[in-house]
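Notes for the one structure printed next.
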Amino acid sequence: MQQQDKYRIALLSAFALGLHGFENLLPSPIPWLRLGLANIVTLITLLLYGMRAAVMVTLIRVMLASLIAGSFLGPAFILSLGGGIASTLIMGFVLHIAPRLFSTMGLSIIGALFHNLVQLFLAYFLFIQRIEAILLITPVIILFGTLTGTVNGAVSALLMKNLIKYDQKVQNVNEIR
Amino acid sequence: MSLRELFHNTTLADRILFSLLIVLSLSGIAFIKEILSDNSTVHIYVDGHPAYILPLDKNRVVSVEGPQGKTVVEIKDHQVRIIESPCHNKLCIQTGWVRSGAVVCLPNRVVVTLGDPDKHKKTIDATTG
Amino acid sequence: MKSRQYVVDSKQVNTKRAVPASYLQSTVYCLLLLLSTLYCLLYACSCSPNKERIFKKDRILMDTLVAITVVSDSKDNAEKAIDAAFSEIEYLEKLSNHYSSDSEITRINRNAGISEVKVSYDILKLLDKALHVSENTEGAFDVTMGPVIALYDFHKKIRPDDGMIKKTLSLVNYREIIINRDRSTVLLKRKGMLIDLGGIAKGYAADKAAETLKKQGVRSGLVAVAGDIKAFGLKPDGKPWKIGIRNPESGDKEDDIMATIELKDMAISTSGDYERFFISGGKRYHHLLDPKTGLSAQECRSVSIITKEGAFTDAFATGIFILGPEQGVKVLDKLGFEGMIIDSQGKSHLTQGIRKKIEFKRTVS
């Protein structure tokens, strides 16, 4: 089991990294408004394998992505890390205390929201001390975050449905019940 | 696989959260556009202390109390002027309409400054002449 | 419905799984610890430098709007420095304001033809510089024009008649200011003479204010005493301070800029016929009076001078305005100042050096 979990986590991290890389290829007028496709993997990991696994996948993805991009320990790295960890933790927390309250899509929206909020917060404290600039872009970022969170959530929900059909381990899940 | 299925999978909490966030962010954007579009604000200071901060795009008449009496400032058509002032020389009134920079009533210690609408002005740090 | 059910399943599965929690746990903790240490180290050596920002404050002093701008990484330091600079200007105003009844200049004026008056360092320096400018402009700049200036009332639009002017002109002679540096005294030789420092005090104040800012530790700032400006240092983006020169033809529009120039540790002043004036009988009477005639100088519309000292830019701008374009350019070349003269026809005369630095915003002939 342990070995299989290690493989799974590595595989999921690879997926996340791949999605991240793919996403970077897509052109966007505004550099910081990203689709966050890798969060789909994070969410699914959270749902399937729990908090620790999800955190690991996030960490591995962020670190490898920044190492590959050459921005390790740079501002982008700090922001990604902060946002990623925060969103994973919050999603796991919500899942823990109120598992029935939000569906996959709701969780994704929450994750996106906190990802953005923490990034804005970090950006303010570490890089841009001007609160007016931060406050100025916050509504736009939240809007985009909600929309991308919804889309990612939809994709995650669809993936979950199909995974239930095909993945053996997940099928075991149903059998245990 | 269809959108309707997806929608049915969402809970009430999901929908509330989604709607709330959309509404908040849209209103935030509208608010910011309000502030940005009148890229000038009029600041009125009396004796160095701010008395009024007003947008330039709303026509109005305000008056402030200085040591010598009441100075009346008018904002109209994106311009500002002093209409009335108790000063002796009435230079402030003579200045007429200004679109940027400042109009000042020295004896009554009233300073009316405008933000700069011109991107030219934005790069200039001071004016001589 | 399926997805919600599934979420509950996942929770159950997790608690039953035989993954050694310690393995994952310790790895995660190690990574987090490592990252937080790195993070702290980074914060300690502040990889994001203390942001330097521009702070600006203005105040009414010396009968005009004085705006002081500084570059600083702390609002408190900036405010402290700016307030100190304002205090310095306030102090100079008290000494030099000839309208005030207890300034040092008024004491000198009251004792004209009677006795010398002991004065402070700044007044001595001001008068020293004023005399230097007088000598270099052949008397076109003359601080003893006080009595003649007093004959005009720009608010009530009153001009003196020629007889009055002639009588008063006899009281104008900068050579009759006797300065004794050893005793720190100033004497005005004849009764009725009046010193008016209006043409030099603002420039000097800008210099002193800038010095005060530097003493407070500011390494980049801009002091604008109305149109007499002193700049030092560079802005946070590495560029010098950019100054706009008003268009003399602008009429009522205060914001009409005809040219901009960047100042690197220099001062600039502009004298114009549009600053204080009235029109009577078809003629323009402005405040730049020619000591030879007692009337407004006619040959120029605006003169802008650039050099290291604000006191000189202020005084020479006035002096050269009165001298006129041809002589003015000669004086500028002789002294090595940069400048621009717009004559009464609207034609611009520039020194060689300023041609490369000035940027015109509209076509000026």
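Going down the list, the protein sequences come from chains A, B and C.
Here the first sequence stands for residues 983 to 1159, where the numbers follow our numbering.
Here the second sequence stands for residues 545 to 673, where the numbers follow our numbering.
Here the third sequence stands for residues 17 to 381, where the numbers follow our numbering.
We put the beta carbon where it would ideally sit given N, CA and C, even for glycine.
#1: In chain order, what residues of the same chain lie with their CB nearer than 8 Å to the CB of Thr201/C, ignoring the 5 residues before and after it?
#2: By alpha-carbon positions, which one of Ser1010/A, Leu1008/A, Ile1026/A, Leu1099/A ends up nearest to Arg990/A?
#3: Assuming contact is defined by CB atoms lying nearer than 7 Å, are Ala1036/A and Leu1028/A in contact in what I supplied?
#4: Tell me whether Leu658/B is buried or exposed, calling it buried when 16 or more other Cβ atoms sit within 10 Å of its Cβ.
#5: Using a Cβ-Cβ cut-off of less than 9 Å, list which residues of the segment 97-114 of chain C approach chain B; keep chain order.
#6: Which residues mark the beginning and the end of the alpha helix (DSSP H) in which Met1073/A is found?
#7: Could you check how far apart the C-beta atoms of Arg653/B and Asp591/B are, in whole angstroms? I think they sit under 8 Å.
#8: Who are the neighbours of Ser569/B on chain A, taking C-beta pairs under 9 Å?
#9: Just how far apart, CA to CA, sit Ser995/A and Val1044/A?
#10: According to DSSP, is Asp89/C helix, strand or coil?
#11: Name the two residues that bound the continuous beta strand (DSSP E) containing Leu1108/A.
#12: With a floor of 4 residues, list each alpha helix (DSSP H) that falls wholly inside the segment 212-237 of chain C, ordered by position along the chain.
#13: Under 7 Å Cβ to Cβ from His632/B, same chain only, skipping five residues before and after it: list those, please.
#14: Beta-carbon within less than 7 Å of Ala557/B's beta-carbon, same chain only, minus the 5 sequence neighbours each way: which residues are those?
#15: From what residue to what residue does the alpha helix (DSSP H) around Gln986/A run?
#16: Buried or exposed for Pro594/B, going by 16 or more other Cβ atoms inside 10 Å?
#17: Can a CB atom of chain A be found closer than 7 Å to the CB of Ile576/B?
#18: Evaluate contact between the segment 148-164 of chain C and the segment 178-196 of chain C, counting only Cβ atoms and requiring at least three cross-stretch pairs below 8 Å.
#19: Start and end of the alpha helix (DSSP H) containing Leu185/C?
#20: So, under 8 Å CB-CB, Phe353/C and Ile321/C are touching, yes? Tell me the CB distance rounded to an integer number of Å.
#21: Classify Tyr115/C as helix, strand or coil using the three-state DSSP reduction.
#22: Roughly how many angstroms separate the alpha carbons of Asp349/C and Ile626/B, rounded to a whole number?
#23: Output the distance between the C-alpha atoms of Val1076/A and Glu618/B, rounded to the nearest integer angstrom.
#24: If you measure between the beta carbons of Ala258/C and Glu278/C, is that distance less than 7 Å?
#25: Name, please, each residue of chain A whose Cβ falls closer than 9 Å to the Cβ of Ala646/B.
#26: In the DSSP assignment, what residue or residues form a beta bridge with Ile357/C?
#27: Which residue's Cα is closest to the Cα of Phe328/C: Arg75/C, Lys205/C, Ala221/C?
#28: List the whole-angstrom C-beta distance separating Gly1093/A from Asn1021/A, where the pair is believed to meet the contact cut-off of C-beta under 8 Å.
#29: Report buried or exposed for Pro611/B, applying the criterion of at least 16 other Cβ atoms within 10 angstroms of its Cβ.
#30: So, at 7 Å on beta carbons, what are the nonlocal neighbours of Ser64/C in its own chain, with the 5 sequence-adjacent residues on each side left out?
#31: Would you mind stating whether Thr672/B and Ile284/C have Cβ atoms separated by less than 7 Å?
#32: Output the distance between the C-alpha atoms of Asp281/C and Thr1024/A, rounded to the nearest integer angstrom.
#33: Tell me which residues of the segment 546-561 of chain B have at least one Cβ-Cβ distance to chain A shorter than 8 Å, keeping chain order.
#34: Mind the definition here: the segment 1133-1141 of chain A touches the segment 1089-1107 of chain A only if three or more C-beta pairs lie below 8 Å; say whether that holds.
#35: Output needed for Thr334/C: all residues of its chain with C-beta closer than 7 Å, excluding positions within five of it in sequence on either side, in chain order.
#36: Taking C-alpha atoms, which residue in Gly1052/A, Leu1104/A, Leu1095/A, Leu1001/A lies nearest to Leu1063/A?
Judging by the given coordinates:
#1: Along the third sequence, one-based indexing puts residue 201/C at 185. When the five nearest sequence neighbours on each side are left out, the beta carbons in the same chain lying within less than 8 Å of the beta carbon of Thr201/C are those of Glu132, Val133, Lys134, Val135, Ile195, in order along the chain.
#2: Counting from 1 along the first sequence, the entry for residue 990/A is found at position 8. Just measuring C-alpha positions, the residue of Ser1010/A, Leu1008/A, Ile1026/A, Leu1099/A sitting nearest Arg990/A is Ile1026/A.
#3: Taking the first sequence and counting its residues from 1, one reaches residue 1036/A at position 54. Taking the first sequence and counting its residues from 1, one reaches residue 1028/A at position 46. Taking 7 Å as the Cβ cut-off, Ala1036/A and Leu1028/A qualify as a contacting pair.
#4: Counting from 1 along the second sequence, the entry for residue 658/B is found at position 114. Flag for Leu658/B reads buried.
#5: Of all residues in the segment 97-114 of chain C, none has a Cβ within less than 9 Å of some Cβ in chain B.
#6: Here residue 1073/A refers to the residue found at position 91 when the first sequence is read from its first residue. Per DSSP, Met1073/A belongs to the alpha helix (DSSP H) from 1057-1079.
#7: Here the question's residue 653/B lines up with position 109 in the second sequence. Here the question's residue 591/B lines up with position 47 in the second sequence. Indeed, because the Cβ distance is near 5 Å, the residues count as touching under 8 Å.
#8: The residue labelled residue 569/B in the question sits at position 25 within the second sequence. By Cβ distance, chain A contributes Thr1120, Pro1121, Val1122, Ile1123, Ile1124, Leu1125, Phe1126, Gly1127, Thr1128.
#9: Within the first sequence, residue 995/A is the residue found at index 13, counting from 1. Within the first sequence, residue 1044/A is the residue found at index 62, counting from 1. Distance between the alpha carbons of Ser995/A and Val1044/A: 9 Å.
#10: Taking the first residue of the third sequence as 1, we reach residue 89/C at position 73. Coil, per DSSP.
#11: For the purposes of this step, residue 1108/A is taken as residue 126 along the first sequence, with counting starting at 1. First-last for Leu1108/A: undefined, no H or E at that position.
#12: Segments of the alpha helix (DSSP H) lying fully in the segment 212-237 of chain C: 217-231.
#13: Along the second sequence, read from residue 1 onward, the residue named residue 632/B stands at position 88. Excluding positions up to five away in sequence, the list reads Pro651.
#14: Taking the second sequence and counting its residues from 1, the one referred to as residue 557/B is at position 13. So the list is empty, once near-sequence residues are dropped.
#15: To locate residue 986/A, count along the first sequence from 1; it is residue 4. Gln986/A -> alpha helix (DSSP H) spans 984-1007.
#16: To locate residue 594/B, count along the second sequence from 1; it is residue 50. Under this definition Pro594/B is an exposed residue.
#17: Taking the second sequence and counting its residues from 1, one reaches residue 576/B at position 32. Chain A contact via Cβ: present.
#18: Result yes; three or more Cβ-Cβ pairs closer than 8 Å.
#19: Indexing the third sequence from 1 puts residue 185/C at position 169. Run containing Leu185/C: 178-185, per the alpha helix (DSSP H) assignment.
#20: For the purposes of this step, residue 353/C is taken as the residue at position 337 of the third sequence. For the purposes of this step, residue 321/C is taken as the residue at position 305 of the third sequence. That pair is a contact at about 6 Å.
#21: To locate residue 115/C, count along the third sequence from 1; it is residue 99. Collapsing the DSSP output to three states places Tyr115/C in coil.
#22: On the third sequence, position 333 is the one that residue 349/C refers to. On the second sequence, position 82 is the one that residue 626/B refers to. C-alpha of Asp349/C to C-alpha of Ile626/B: approximately 43 Å in a straight line.
#23: Along the first sequence, one-based indexing puts residue 1076/A at 94. Along the second sequence, one-based indexing puts residue 618/B at 74. Distance between the alpha carbons of Val1076/A and Glu618/B: 55 Å.
#24: Position 242 of the third sequence, counted from the first residue, corresponds to residue 258/C. Position 262 of the third sequence, counted from the first residue, corresponds to residue 278/C. It is Lys, not Ala, that sits at residue 258/C in the sequence shown. In contact: Lys258/C and Glu278/C (Cβ atoms closer than 7 Å).
#25: The sequence position of residue 646/B within the second sequence is 102, counting from 1. The CB of Ala646/B never comes closer than 9 Å to any CB in chain A; the least such distance is about 23 Å.
#26: The residue you call residue 357/C lines up with position 341 of the third sequence. Answer is Val319/C, His365/C.
#27: Counting from one through the third sequence, the residue named residue 328/C turns up at place 312. Selected option, being the one with the closest Cα: Ala221/C.
#28: Locating residue 1093/A in the first sequence gives position 111, where the first residue counts as 1. Locating residue 1021/A in the first sequence gives position 39, where the first residue counts as 1. Indeed they touch by this definition, with Cβ atoms about 6 Å apart.
#29: On the second sequence, position 67 is the one that residue 611/B refers to. Pro611/B comes out exposed.
#30: Residue numbering aside, residue 64/C sits at position 48 when the third sequence is read from its first letter. Because the pLDDT at Ser64/C is just 48, under 50, the model does not fix this residue reliably, and the point stays unresolved.
#31: In the second sequence, residue 672/B corresponds to position 128, counting from 1. In the third sequence, residue 284/C corresponds to position 268, counting from 1. Taking 7 Å as the Cβ cut-off, Thr672/B and Ile284/C qualify as a contacting pair.
#32: Mapped onto the third sequence, residue 281/C falls at position 265. Mapped onto the first sequence, residue 1024/A falls at position 42. Take the alpha-carbon of Asp281/C and the one of Thr1024/A: they are about 57 Å apart.
#33: Under the 8 Å Cβ criterion, the segment 546-561 of chain B contributes Leu550, Asn553, Thr554, Thr555, Ala557, Asp558, Leu561.
#34: Yes, since at least three Cβ pairs between the segment 1133-1141 of chain A and the segment 1089-1107 of chain A fall closer than 8 Å, the two stretches touch.
#35: Mapped onto the third sequence, residue 334/C falls at position 318. These residues qualify, in order along the chain: Phe157, Gly215, Ser287, Leu304.
#36: Reading the first sequence from its first residue, position 81 is the one you call residue 1063/A. The shortest C-alpha separation from Leu1063/A is found at Leu1104/A.
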